[in-house]
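Asker: Would you mind keeping the following structure in view while I ask a few things?
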Amino acid sequence: MENIQAEALPPEDLEHAVEILMESYGNLREVARRLGKSPQWVSVIIGAREVRDSLGDEKSAVKVMPTSSAAHFGRLKDEGNRREAFEEAVRRNEGNENLPRSLVNTVVKEFKENEIRDVQAYIWKLQQERVKLVRKRADIEAEIDRIDSKIDRLSKQKG
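If you're matching positions, the sequence shown starts at 159 in the numbering used here and goes up one per residue.
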């Protein structure tokens with residue numbers, strides 16, 4: 159445990175060590191207490207590990223990417239978007255291994271805005287569908303009223 163606290167581990171090793179501690183202690187607060195860190199810090203490390211795993215390790219940039227950058231990619235909820243954003247950041251960085259934090263921030267922000275636009279478009283589509291259904295319901299209710307009126311008239315004529 160002292161090694162995790164004292165040494166400057168590469169990001170991937172730090173995340174792996176925290177993951178092992180989580181498996182051992184099973185509790186974020188306990189791991190944080192034992193490391194002398196905040197639960198938020200442990201949460202960021204765990205999130206970064208999940209992001210790094212989802213990006214895969216086919217690119218060396220994934221391995222050397224700082225934990226904070228990996229966690230930043232985690233703001234993108236869709237794993238496909240996360241991978242696309244990472245690949246876009248690597249492309250813009252012209253293949254250099256170290257992704258500058260400012261570049262990561264910019265790319266993630268752009269992809270996050272696209273996610274928001276996609277959600278907004280989906281909400282708009284659902285609202286339009288709701289309007290159509292409300293109109294259909296009104297038409298159905300009007301038809302039911304007409305049928306009820308016919309039934310009443312026929313019942314009065316018969317009786």
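By construction, the Cβ of each residue, glycine as well, lies at the ideal position given by its N, Cα and C atoms.
Would you check if the distance between the CB atom of residue 229 and the CB atom of residue 205 is smaller than 9 Å?
Answerer: yes
Asker: Helix, strand or coil: how does DSSP classify residue 308 here?
Answerer: The answer is helix: DSSP assigns residue 308 an H, G or I state.
Asker: If the criterion is Cβ atoms closer than 9 Å, does the pair residue 273 and residue 235 meet it?
Answerer: Closer than 9 Å, so yes.
Asker: Hey, how far is the Cα of residue 310 from the Cα of residue 295?
Answerer: 22 Å
Asker: Roughly how many angstroms separate the alpha carbons of residue 315 and residue 291, rounded to a whole number?
Answerer: 36 Å
Asker: What residue does the alpha helix (DSSP H) around residue 238 start on, and which one ends it?
Answerer: 237-250
Asker: Since residue 209 contacts residue 176 with CB under 8 Å, what's their CB separation in whole angstroms?
Answerer: 14 Å between Cβ atoms; not a contact.
Asker: If you draw a straight line from the alpha carbon of residue 223 to that of residue 257, how long is it in whole angstroms?
Answerer: Those two C-alpha atoms are separated by around 7 Å.
Asker: Compute the distance between the beta-carbons of residue 203 and residue 237, then report whether it is under 9 Å.
Answerer: no
Asker: Using only the alpha-carbon positions, how far apart do residue 319 and residue 301 sit?
Answerer: The requested residue 319 is not part of the displayed model; the chain covers only 159 to 317.
Asker: Beta-carbon within less than 7 Å of residue 270's beta-carbon, same chain only, minus the 5 sequence neighbours each way: which residues are those?
Answerer: 233, 234
Asker: Can you name the start and end residues of the alpha helix (DSSP H) that residue 180 belongs to?
Answerer: 169-183
Asker: Can you give me the Cβ contacts of residue 179 inside the same chain, cut-off strictly under 6 Å, excluding the 5 residues immediately before and after it?
Answerer: 189.
Asker: Taking the continuous alpha helix (DSSP H) assigned at residue 201, which residues delimit it?
Answerer: Unbroken alpha helix (DSSP H) run through residue 201: 197-213.
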